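Here the sequence shown stands for residues 19 to 628, where the numbers follow this note's numbering. What follows is a single structure, written as structure tokens, with notes after it.
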Amino acid sequence: MKRFLHIALVATATSLLLAGCATTTTTPSSSTEVDTPRSANKGIERMLLEAERSEPPRSTELRLDVAGEALKQGDVELLRRILDAIVTPYYNRRTTRDYSLLKAELAVIDGDPRGAIALLNHQRFIGLPLTTDLQVKTGLLRAKAYAAGRSYLASAREIIYIDNLVDPEQRTRNHEQVYQTLLQLDAATLAKQAEQSITSDIRGWLSLAAVAKRYEHDPLRQLNALNDWMKAWPNHPAAIRVPETLRLLSEVVSEQPKHVALLLPLQGELGKFGRAVRDGFIAAHFDQSPETTLSIFDTSERDVVALVDEAFAGGAELIVGPLDRERVTTLAAQRLPLPVIALNRTLDSSINPNLYQFGLSPEDESVQVASQVVSESRYKGLVIAPDTEWGDRNVAAFTDQFTMLGGIIVDSARFTSQRDYSDMIKSLLNVDSSEARVQDLQRITGERFQFTPRRRQDIDFVFLLSNPLQARGINPTLAFFYAEDIPVYATSHVHELGESRIDVIDMNGIRFCDIPWKLTSTDETQNAIQAIWPEASSQMAPFYALGLDVHRLYPRLQQLKEIENERIYGSTGILTLDEENVVKRTLMWAQFRDGEVESVPMIFDVAAGR
Numbered sequence: 019m020k021r022f023l024h025i026a027l028v029a030t031a032t033s034l035l036l037a038g039c040a041t042t043t044t045t046p047s048s049s050t051e052v053d054t055p056r057s058a059n060k061g062i063e064r065m066l067l068e069a070e071r072s073e074p075p076r077s078t079e080l081r082l083d084v085a086g087e088a089l090k091q092g093d094v095e096l097l098r099r100i101l102d103a104i105v106t107p108y109y110n111r112r113t114t115r116d117y118s119l120l121k122a123e124l125a126v127i128d129g130d131p132r133g134a135i136a137l138l139n140h141q142r143f144i145g146l147p148l149t150t151d152l153q154v155k156t157g158l159l160r161a162k163a164y165a166a167g168r169s170y171l172a173s174a175r176e177i178i179y180i181d182n183l184v185d186p187e188q189r190t191r192n193h194e195q196v197y198q199t200l201l202q203l204d205a206a207t208l209a210k211q212a213e214q215s216i217t218s219d220i221r222g223w224l225s226l227a228a229v230a231k232r233y234e235h236d237p238l239r240q241l242n243a244l245n246d247w248m249k250a251w252p253n254h255p256a257a258i259r260v261p262e263t264l265r266l267l268s269e270v271v272s273e274q275p276k277h278v279a280l281l282l283p284l285q286g287e288l289g290k291f292g293r294a295v296r297d298g299f300i301a302a303h304f305d306q307s308p309e310t311t312l313s314i315f316d317t318s319e320r321d322v323v324a325l326v327d328e329a330f331a332g333g334a335e336l337i338v339g340p341l342d343r344e345r346v347t348t349l350a351a352q353r354l355p356l357p358v359i360a361l362n363r364t365l366d367s368s369i370n371p372n373l374y375q376f377g378l379s380p381e382d383e384s385v386q387v388a389s390q391v392v393s394e395s396r397y398k399g400l401v402i403a404p405d406t407e408w409g410d411r412n413v414a415a416f417t418d419q420f421t422m423l424g425g426i427i428v429d430s431a432r433f434t435s436q437r438d439y440s441d442m443i444k445s446l447l448n449v450d451s452s453e454a455r456v457q458d459l460q461r462i463t464g465e466r467f468q469f470t471p472r473r474r475q476d477i478d479f480v481f482l483l484s485n486p487l488q489a490r491g492i493n494p495t496l497a498f499f500y501a502e503d504i505p506v507y508a509t510s511h512v513h514e515l516g517e518s519r520i521d522v523i524d525m526n527g528i529r530f531c532d533i534p535w536k537l538t539s540t541d542e543t544q545n546a547i548q549a550i551w552p553e554a555s556s557q558m559a560p561f562y563a564l565g566l567d568v569h570r571l572y573p574r575l576q577q578l579k580e581i582e583n584e585r586i587y588g589s590t591g592i593l594t595l596d597e598e599n600v601v602k603r604t605l606m607w608a609q610f611r612d613g614e615v616e617s618v619p620m621i622f623d624v625a626a627g628r
């Protein structure tokens, strides 16, 4: 329907809306009639035609009705056309109300949450009488806008304010959204805000989120803290309708495995990675669940299926591992006698109901970069990547996601092991073509004159796949050839812990996604691991983080499976579980600026579940 609606109405809407609010009796042209399929939404088309023939405020009311229908059907282009063409929207209370709400919705869609809040907080809107339904709608829209601007406390407050206005079913959903929104704040901030809060409802929510956040990686302590909170706040709305994550805590604690087996490579080529995962897991084990029996098996030279059988025979209730993709693929084809959390993905995307796949796939990062640039309304890009199998996989992952979201890869370049990237960048930016045209002109005219070459103008970002050394050569070369104003996006591979200011000064401006372990230092267990194992602060950091996170993941599998949009704030990212038991990671964003790394807080769209 959206496609038909767009085809049918774009020509009509363009001609009608250019007239703004003026009265006109123009008859639709025959070309419009030809372009209108029989299956188009004739009700909307009639409203547009009636709006053309009507005088204000009726014409504006009809156009706003069409804009509302366009929003429902997801036709953002038609919504924008209509709103942009309304010159004087504030004729009466109805047009003021509808225009403000629709314009605020569009502002959120366009990534302008401040603009949305300004519209909803303007005096002309604040003073309008609203029905209960519209109060709820406005509150939820304000909450969405505040969350988009990372004002999570303000977002939660808006939902709390409308709690008594909705039916029980909606109230349950609201409670989930309040709780998940507050969890985006750290425990210290939540506790401080709770002390300063004036209203008891908000103070209760904040104190609940504070204790939940403080013990988020320890289900037993979290359950005990929840029980204490329930005693202190027995009549609080959250005690009457407990968020589902917390409601399942008793079951989570009682069903935790008592015996876990680690299947990791401890020798050979993968040994250093397996040992890092093991040490990260053990650190979390002794900090949070020392009573659990832990068995460790070396997969370096033994058959993985035989090891699973041996672990099961020895009483293991859960297996963590293996680490390499071949062995994970082998297990996916087996009838597994117990749950297995593999630390990689299968080679052939095969799945198994008893196999959970959790790893550090670089392709996930490339997909996230594609989603990020589109969210910033950048749809035309260049890709620079190494001419390797790793580069091929990541370029393919980025391309698939980017083009699916409507992006266009204008051009790409691949590099090998060179140190000078001038020729590659000059060609990619079409600077060599600009120079060639000037040389031709000078040859024809026989005159010499001042000239500054130009780069291509059909791009709005560069996606760079490289390591830090390569990035230090490529990034300045882009700036040298007149692309200093084009943002450069990268994956975590451009960022290594411990680099000096001099090391990263040439990467100034590059935006990249990375794991929280490498960008924050607030996790006590992480700090303890880094104090014991110095390599946890270098290139091996992601694997220590993986060991820590898989320990925090396994007690929560039931919650991740049963609760929509449930997630874990881990050291490798925000962790969620899809329908095929694959753990997805949402990473943090950061940027090199003046020789330092500036991080951006992790963001999770509560309403959309991503």
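Beta carbons are placed, not taken as given, at the ideal position from N, Cα and C, and that holds for glycine. Note that the structure is predicted; figures quoted are calculated from it, not measured.
Here L200 is buried: its Cβ has 16 or more other Cβ atoms, across all protein chains shown, within 10 Å.
By the C-beta density criterion, R603 is buried, having at least 16 other C-beta atoms within 10 angstroms.
Spatial neighbours of V568 in its own chain (CB-CB distance under 7 Å, excluding positions within 5 residues in sequence) are listed in chain order as F299, V338, I359, L361 and F376. By the Cβ rule, the stretch 557-566 counts as touching the stretch 286-297, because three or more pairs are nearer than 8 Å.
Note on F561: 16 or more other CB atoms within 10 angstroms of its CB, so buried under the neighbour-count rule.
Cβ neighbours of T406 within its own chain (closer than 7 Å, five residues either side excluded): none. Secondary structure at E616: strand, using DSSP grouped into helix, strand and coil. Note that the C-beta distance between A501 and L482 is not below 8 Å.
Relative to R239, the option among E262, V270, V126 and S318 whose CA is nearest is V270. CA-CA distance, A166 to I135, rounds to 11 Å. Shown here for H511: same chain residues with a beta carbon closer than 6 Å to its own, the five before and five after excluded, namely N485 in chain order. Contact between the stretch 442-450 and the stretch 414-428 is absent, with fewer than three C-beta pairs closer than 8 Å.
Non-local beta-carbon contacts of R611 in its own chain, meaning distances under 8 Å to residues more than five positions away in sequence, involve N526 and G527 in chain order.
When DSSP reads this structure, I427 sits in a beta bridge with G399. Closest option to Q285, judged by alpha-carbon separation, among F315, Y197 and I477: F315.
In this structure, the straight-line span from the alpha carbon of D503 to that of E514 is close to 25 Å. Counting of Cβ neighbours within 10 angstroms places E383 among the buried residues, the total reaching 16 or more.
Using a C-beta cut-off of 8 Å, the stretch 391-403 makes no contact with the stretch 532-552, since fewer than three inter-stretch Cβ pairs fall below that distance. Annotation for V346: the continuous alpha helix (DSSP H) segment containing it runs R343 to A350.
Secondary-structure assignment with DSSP links T311 through a beta bridge to H277. Rounded to whole angstroms, the Cβ separation of L356 and E335 is 6 Å, and the two are in contact under 8 Å.
Looking from the CA of P283, the closest CA among N245, G491 and T317 belongs to T317. Non-local beta-carbon contacts of L82 in its own chain, meaning distances under 7 Å to residues more than five positions away in sequence, involve T113, D116, Y117 and L120 in chain order. Burial of N412 is indicated by the presence of at least 16 other C-beta atoms within 10 angstroms of its C-beta. By the C-beta criterion, the stretch 206-217 is judged not to be in contact with the stretch 180-191, since fewer than 3 inter-stretch pairs fall below 8 Å. Just measuring C-alpha positions, the residue of L138, R345, S435 and Q436 sitting nearest L288 is R345. Classified as exposed, S518 has fewer than 16 neighbouring CB atoms from the shown chains inside 10 Å of its CB. Distance from the Cα of A212 is smallest, within the candidate group D128, A228, Q198 and L124, for A228. Here T156 carries a helix assignment [DSSP, helix/strand/coil]. The closest CA to that of I581, considering only S589, G588, P573 and L595, is found on L595. If you draw a 10 Å sphere on the C-beta of K579, you find fewer than 16 other C-beta atoms in it, and that means exposed. Per DSSP, K290 has no beta-bridge partner at all.
Restricting attention to V449, A403, I426 and I427, the CA atom closest to the CA of S435 is found in A403. D321 is classed as exposed because its beta carbon has fewer than 16 other beta carbons within 10 Å across all chains shown. For R585, the number of other beta carbons within 10 angstroms of its own is at least 16, and it is reported as buried. Less than 8 Å divides the Cβ of L267 from the Cβ of L244.
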